[in-house]
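Here's the structure we're looking at; comments come further down.
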Amino acid sequence: MNAAQDTGETLLERAPQALRDLLTSHLPEPWRWFANSLIAIVAILAVFGLLFAALTLAERKILGRVQNRPGPNRTGPFGLLQPIADGIKMLSKEDIVPRDADHLLHFLAPVTLLASSILAFAVIPYGRHLIPVELDAAVLYFFCVGATTELAVFMAGWSSHNKYSLLAAMRALAQLISYELPLLLSWLPVVMISGTLSTTGIVAAQSAWRWGWMPTWHVFTPWGLAGFVIFMVAALAESNRSPFDLPEAESELIAGHLTEYSGCKYVFFFMAEYFGMTALSGMAVTLFLGGWHAPLPSLEFIPSYVWFGAKLITLLMGFIWIRATFPRLRIDQLTRFAWKFLVPLALVNLGTTAFWSLSFGWTGPLLAARCTVAVILVVVPFVLLGRRLSSGLTPRTYSYAP
Amino acid sequence: MSPFDASPLSPSGGAHVRSVVDEFHGDLLEVSMGPHHPSTHGVFRMIVTLDGERIVKLKPVLGYLHRNHEKIGESTSYLGSMPYTDRLDYLNAMTNNWAYALAVERLGGLAVPERAEYLRVILAELSRLQNHVCLAGFLLQDTGASGTPLMYAFREREKILELFESLSGSRMMCNFQRFGGCRTDASSEWLGQVSSLVNGFGAFLDEFEELITGNEILMARTQGVGVMKGPAAVSAGITGPMLRACGVGYDIRKVDAYGIYPRFTFRVPIGSHGDTYDRYMIRILEMRESIGILQQALRDIPAGPIMDPKAKLRGFRPKPGESYGRIEGPKGEIGFYLISDGSANPYRYRVRPPSFVNLTLLEDLCLGHTIADSVVILGSIDIVLGEVDR
Amino acid sequence: MLGTGLLQGLAVTAKNFAGSFHDPKRLTTVEYPEKKSVIPEAFRNFPFLVSENAEDPMGTLRCVACQICEKECPPQCIYIEKSKDKKPDASGKMQIYPAVFRIDSSVCMNCQICVEVCPFDAIKMDHVYEIATSERFETLLLDRHDLAKPNSYFHQIRPLEAAEVDGRLTAERKAAEEKAKAAALAKAALAAKPAAPAPAAPPKPPEQA
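Protein chains in written order, with the numbering used here: chain V, 1 to 402; chain B, 1001 to 1390; chain C, 2001 to 2209.
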């Protein structure tokens, strides 16, 4: 953060910080750092725990509305207490472990999954001054932690000693490893342009205004848009969301790797899925959507964390919207989509970004040429690869019997 | 060591494993899907042998819903079997009733008045609409579409079921047709409701198709999956939309011209690939044809009696003989074969259920496809276990 | 192609989402315990016995224990025992009545065949649907006290059918009375003559269509 921005800050912008300092100011200096960290952890757990509860309700409500029904509306006004009721129900359920299950792995899987998905929250800048841990290689850390979830899902599937769970575990491995690659390749351009792996630095690189009103978020460049879309598709797959929810494909594998889980452990899986989704959306906001920056200079009086939250929730609603609409892919189509479509596109996108970076100084007619070339570099591979991917799949016309 | 040593199927599993594509020489996995599984449409069970995710053997297990339907039919009166036919294919009570009534009418030499014939056509086509719309919803649910198409389908189906209820007293167990006519007459108000529903149905189909038919994921999931060839289908006795999807233009409404169907102009859509997508699309197109039939029937329905005056409700004892009544049900040829020995009960009562016959090729359709395809293929066959197991 | 089908689908779901807030056609749920959907007159669920008088339901049952419904019931859920004595019915004629009339509601499939075959309009279909009980044996086997409901209730749930039935019954009774009167007159007239023909047969029960 540069000093020029700090001067015009409102009281609200500093409020979380001030509140924390008020609580810890009376502690001796060596303890203060520890207390501050503790407060950050509690705050993250509380905020994202509540967001998880709200999200489950919102998902059910939105799915309901899309499907012409009101959704949950029995517990409390407008069904607002539904997450609490769900929580009480799930936590008071019996925890059933199959007799032949590998008890240790069966127990460890949800714990590992939840822990790694919570760890991912550590490096996301939620506001101007709100970043729990300032790391130089924050983006790298984020995706390393995210990769741990694959292990946990496989552990769950293997240890349950259930055929459906095993199939799901195999699917999960294939899916998560396949989509790890486009996910990583899609954010590399951002690092190329901003020249840093630190999330704070990436947000700072998107802070300027072009022509005084247009934000210089990465998503507003050709390579950024392509990267953002690839990132979001891979994020859908990484968080096991429809249409990539193959490991828990209900209509084929009952509940996949969750078949033998109940009660609290099931809640852990559920929470981890939503935490993962939220964390990936938060990272997408940071990498492509300008982090906590306001979309217009005149709107900067609204605190930065509100903007972050608004962008985050918009992306999450997109996840739900997609779930309400699409059928599920098959495992071979899923991996083909990753390796034959997303990975080549992401690689081409690296080249586009390199060109964009090299042509930084072009002005006048050259600027127009720069934009045109970049757009062509994004659109043409998309059309060519898309054509190849969907070759043979067409809407058909039908004849009638004589 | 694999945790599934309980299934001693080796890759070279002998004659009963029909096609092994064993690239990696791994163990086969035997999974019992059903009878309690989210997408076996009731209590159907498939014992699937998997090589990875690919199916090398599929054994359907039937009979979990066996209720002795045919034997009950032989021990109750002709009238008493009518409500039981509702429970065969419980989505299409109206067409089941009609096929049974047709068989008994042929046995007893009864004529059906004009108005009753029109009512039967209207109810059968409404039944076809709600069956096909249900099927589309279930099929898309099986592909994993989070319930949205299913809910839209059920929204429209509910309107049709409400019409059935206000005419026959029950949404699904209609018990409406009688030998020689229909049980109650339809008011002009009811016919008006039908025509407003029919006129709005095309718009619903348009929206439904916009939602899903052009969806690339659906095409990827269904095109080229579960291909059935016309000759195989004919030799297996497949009927209905399943058969027409493989390009055989066989529709009993045209072939038999039962009832008053020759009076209506309608076309019979046929597919060219015989895959799951064709089976889905044929049903959508059939619904559009049904709308046309309904509009013609509602325009032309005459006033008049709805029962043959010769028909007797109680103590119906046809002369000894046999008869077969079949109609084009929404799922295919639904037929009833009756032998009378002159007593009050049929001597032999046999149902020709379309769901059961259509199910016979399931293994051939599924072999070589993945486990995810097997539920989609099963969904596209359109079975109701009440009819399969009887 | 190239994702246009996916975008079209998203547009349709968005339209439905927005529509659910202002268009009743896109929010069709009837929230059951608070609101109930309107039951059409033809709706049938569970048979009941019609009695003429609400004060004395057992004395004025239309049922004459002819046992036709017992015989015709497809799942055979009806059990009837005839009475040994006779009681006057609504028109004052002496009739047998059902000493025991039971319907096993766990077996009944609401097919309405008992109603169709009944020559006396004595059994009709009800509109009840909240009939779940927690007691498995006592409450599922209904006897005639549970089954009897007055004609006024029948008028309430099925006004059209009840009016038609009442009209028909009154006409039949009137005809029967006149016939009986004529028969009595003929008898009186013939009493003088020794060679009297047999009195007219009692009116046959009306045939159902």
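The beta carbon of each residue, even a glycine, is placed where N, CA and C say it ideally should be.
This one's a predicted model, so the numbers in the text were calculated from it and none came from an experiment.
Q. Which of the three DSSP states, helix, strand or coil, is assigned to Ser-281 (chain V)?
A. In the first sequence, the residue the question calls residue 281 (chain V) occupies position 281. Note: Ser-281 (chain V) maps to helix in three-state DSSP.
Q. Is DSSP giving His-106 (chain V) helix, strand or coil here?
A. Counting from 1 along the first sequence, the entry for residue 106 (chain V) is found at position 106. DSSP places His-106 (chain V) in helix when its eight states are reduced to three.
Q: Check the DSSP bridge columns for Gln-1957 (chain C) and list the partner residues they point to.
A: With chain C covering 2001 to 2209 only, the question about residue 1957 (chain C) has no answer from this structure.
Q.
Can you pull out the residues from the segment 2028-2049 of chain C whose beta carbon lies closer than 9 Å to at least one beta carbon of chain B?
A. Those residues of the segment 2028-2049 of chain C placed with their C-beta closer than 9 Å to a C-beta in chain B are Thr-2028, Ser-2037, Ile-2039, Pro-2040, Glu-2041, Ala-2042, Phe-2043, Arg-2044, Asn-2045, ordered along the chain.
Q) To the nearest angstrom, how far is it from the Cα of Ala-58 (chain V) to the Cα of Gln-82 (chain V)? A) Residue mapping note: residue 58 (chain V) aligns to position 58 of the first sequence, counting from 1. Residue mapping note: residue 82 (chain V) aligns to position 82 of the first sequence, counting from 1. Rounded to the nearest angstrom, the two C-alpha atoms are 10 Å apart.
Q. With a CB to CB cut of under 7 Å and the five nearest residues on each side skipped, what residues in its chain are close to Val-1225 (chain B)?
A. Position 225 of the second sequence, counted from the first residue, corresponds to residue 1225 (chain B). For Val-1225 (chain B), where only same-chain residues beyond five positions count, the Cβ hits under 7 Å are Asp-1275, Thr-1276, His-1369, Asp-1373, Val-1376, Ile-1377.
(Q) What does the alpha-carbon distance come out to for the pair Val-2012 (chain C) and Glu-1207 (chain B)? (A) What you label residue 2012 (chain C) is simply residue 12 of the third sequence in a count that begins at 1. What you label residue 1207 (chain B) is simply residue 207 of the second sequence in a count that begins at 1. The alpha-carbon atoms of Val-2012 (chain C) and Glu-1207 (chain B) are separated by roughly 7 Å.
Q) What are the residues that DSSP puts in a beta bridge with Leu-1050 (chain B)? A) The residue labelled residue 1050 (chain B) in the question sits at position 50 within the second sequence. The partner list for Leu-1050 (chain B) (beta bridge, DSSP) reads B:Leu-1029, B:Ile-1055.
Q.
Rounded to whole angstroms, what is the Cα-Cα separation between Met-1219 (chain B) and Thr-1213 (chain B)?
A. Locating residue 1219 (chain B) in the second sequence gives position 219, where the first residue counts as 1. Locating residue 1213 (chain B) in the second sequence gives position 213, where the first residue counts as 1. If I take the Cα positions, the gap works out to 8 Å.
Q) For Phe-1201 (chain B) versus Glu-1158 (chain B), is the C-beta spacing smaller than 8 Å? A) Here the question's residue 1201 (chain B) lines up with position 201 in the second sequence. Here the question's residue 1158 (chain B) lines up with position 158 in the second sequence. Not in contact: Phe-1201 (chain B) and Glu-1158 (chain B) (Cβ atoms no closer than 8 Å).
Q: Could you tell me whether the Cβ of Arg-1045 (chain B) comes closer than 8 Å to any Cβ of chain V?
A: Locating residue 1045 (chain B) in the second sequence gives position 45, counting from the first residue. At least 8 Å separates the CB of Arg-1045 (chain B) from every CB of chain V.
Q: Output, in chain order, the set of chain C residues within a Cβ distance shorter than 7 Å of Arg-1155 (chain B).
A: Working through the second sequence from its first residue, we reach residue 1155 (chain B) at position 155. Under the 7 Å cutoff, chain C gives Thr-2028.
Q | DSSP three-state assignment for Ala-1015 (chain B), whether helix, strand or coil | A | Here residue 1015 (chain B) corresponds to residue number 15 of the second sequence, with the count starting at 1. Legend: pLDDT at Ala-1015 (chain B) = 39, less than 50; position of this residue unreliable, value from coordinates given subsequently. Look at Ala-1015 (chain B) here: in three-state DSSP terms it is coil, with no helix or strand label.
(Q) Please classify Tyr-2032 (chain C) as buried or exposed, where buried requires at least 16 other C-beta atoms within 10 Å of its C-beta. (A) Indexing the third sequence from 1 puts residue 2032 (chain C) at position 32. With fewer than 16 other Cβ atoms within 10 Å, it is exposed.
**Q.** chain V contact residues for Gln-1141 (chain B), given Cβ-Cβ distances below 7 Å
**A.** Within the second sequence, numbered from 1, the residue matching residue 1141 (chain B) stands at position 141. The contacting residues are Ser-251.
(Q) Using DSSP's beta-bridge definition, name the partner residues of Met-214 (chain V). (A) Against the first sequence, residue 214 (chain V) aligns to sequence position 214. Bridge partners of Met-214 (chain V): V:Arg-210.
Q. For Val-1043 (chain B), which three-state DSSP category applies?
A. One-based indexing of the second sequence puts residue 1043 (chain B) at position 43. In this structure, Val-1043 (chain B) counts as coil in the three-state DSSP scheme.
Q. Would DSSP call Ser-1127 (chain B) helix, strand or coil?
A. Position 127 of the second sequence, counting from 1, holds the residue named residue 1127 (chain B). It is helical.
(Q) Does any residue of chain V have a CB that is nearer than 8 Å to the CB of Thr-2212 (chain C)? (A) With chain C covering only 2001 through 2209, there is no way to say anything about residue 2212 (chain C).
**Q.** Of the residues V:Thr-335, V:Leu-358, V:Pro-222, the one placed nearest Pro-381 (chain V), counting alpha carbons only
**A.** Residue mapping note: residue 381 (chain V) aligns to position 381 of the first sequence, counting from 1. Among V:Thr-335, V:Leu-358, V:Pro-222, the Cα nearest to that of Pro-381 (chain V) belongs to V:Pro-222.
Q. On the premise that Ser-262 (chain V) lies in contact with Asp-100 (chain V), defined as a C-beta separation below 8 Å, what is that separation, rounded to the nearest angstrom?
A. Residue numbering aside, residue 100 (chain V) sits at position 100 when the first sequence is read from its first letter. Residue numbering aside, residue 262 (chain V) sits at position 262 when the first sequence is read from its first letter. Rounded, the Cβ-Cβ distance is 16 Å, inconsistent with contact.
Q: For the segment 1166-1248 of chain B, list the alpha helix (DSSP H) runs that are entirely contained and at least 4 residues long, ordered along the chain.
A: 1188-1212, 1216-1222, 1230-1236, 1241-1245
Q: Compare the C-beta of Pro-1038 (chain B) with all C-beta atoms of chain V and state if any pair is closer than 8 Å.
A: Taking the first residue of the second sequence as position 1, residue 1038 (chain B) is located at position 38. Flagged as an interface residue toward chain V: Pro-1038 (chain B), by a C-beta distance shorter than 8 Å.
Q | Distance CB(Ala-1311 (chain B))-CB(Arg-1120 (chain B)) smaller than 8 Å | A | Translated into the one-based positions of the second sequence, residue 1311 (chain B) becomes position 311. Translated into the one-based positions of the second sequence, residue 1120 (chain B) becomes position 120. Cβ distance not < 8 Å, so Ala-1311 (chain B) and Arg-1120 (chain B) don't count as in contact.
Q. Which residues in the same chain have their Cβ closer than 6 Å to the Cβ of Ile-2039 (chain C), if we skip the five residues on either side of it in sequence?
A. Taking the first residue of the third sequence as 1, we reach residue 2039 (chain C) at position 39. For Ile-2039 (chain C), where only same-chain residues beyond five positions count, the Cβ hits under 6 Å are His-2127.
Q. So what's Ala-2148 (chain C) in DSSP terms, helix, strand or just coil?
A. Here residue 2148 (chain C) refers to the residue found at position 148 when the third sequence is read from its first residue. In the three-state scheme derived from DSSP, where H, G and I count as helix and E and B as strand, Ala-2148 (chain C) is classed as strand.
Q | Distance CB(Val-2100 (chain C))-CB(Glu-2081 (chain C)) smaller than 8 Å | A | Residue mapping note: residue 2100 (chain C) aligns to position 100 of the third sequence, counting from 1. Residue mapping note: residue 2081 (chain C) aligns to position 81 of the third sequence, counting from 1. Result yes, Cβ atoms of Val-2100 (chain C) and Glu-2081 (chain C) sit closer than 8 Å.
Q: Rounded to whole angstroms, what's the CA-CA distance from Ala-237 (chain V) to Gly-224 (chain V)? Just pull it up for me.
A: In the first sequence, counting from the first residue as 1, residue 237 (chain V) sits at position 237. In the first sequence, counting from the first residue as 1, residue 224 (chain V) sits at position 224. Roughly 20 Å separates the two Cα atoms.
**Q.** Sub-8 Å separation of Asp-1308 (chain B) and Leu-1110 (chain B) beta-carbons
**A.** Here residue 1308 (chain B) corresponds to residue number 308 of the second sequence, with the count starting at 1. Here residue 1110 (chain B) corresponds to residue number 110 of the second sequence, with the count starting at 1. Cβ atoms of Asp-1308 (chain B) and Leu-1110 (chain B): closer than 8 Å.
Q) Under the rule that 16 or more other beta-carbon atoms within 10 Å means buried, what is Leu-1391 (chain B), buried or exposed? A) As shown, chain B starts at 1001 and ends at 1390. That puts residue 1391 (chain B) outside it, with no answer to give.
Q: With 8 Å as the threshold, decide whether the Cβ of Leu-957 (chain B) is near any Cβ in chain C.
A: Since the first residue of chain B shown is 1001 and the last is 1390, residue 957 (chain B) is not available in this structure.
Q.
Assuming Val-2050 (chain C) is part of the beta strand (DSSP E), what are its boundary residues?
A. Position 50 of the third sequence holds residue 2050 (chain C). Counting along the chain, the beta strand (DSSP E) containing Val-2050 (chain C) begins and ends at 2047-2051.
**Q.** CB contact below 8 Å: Asp-1389 (chain B) versus chain V
**A.** What you label residue 1389 (chain B) is simply residue 389 of the second sequence in a count that begins at 1. No, no contact with chain V.
Q: Taking the CB atoms as reference points, tell me whether Ile-2113 (chain C) and Pro-2074 (chain C) lie closer together than 8 Å.
A: Residue numbering aside, residue 2113 (chain C) sits at position 113 when the third sequence is read from its first letter. Residue numbering aside, residue 2074 (chain C) sits at position 74 when the third sequence is read from its first letter. Cβ distance < 8 Å, so Ile-2113 (chain C) and Pro-2074 (chain C) count as in contact.
Q: Apply the 10 Å Cβ neighbour rule to Phe-301 (chain V) and answer buried if 16 or more other Cβ atoms are within range, or exposed otherwise.
A: In the first sequence, counting from the first residue as 1, residue 301 (chain V) sits at position 301. Burial call: exposed.
Q. Quick one, which residues of the segment 1254-1277 of chain B are near chain V if we go by CB-CB under 8 Å, in chain order?
A. Lys-1254, Arg-1267, Val-1268, Pro-1269, Ile-1270, Gly-1271, Ser-1272, His-1273, Tyr-1277
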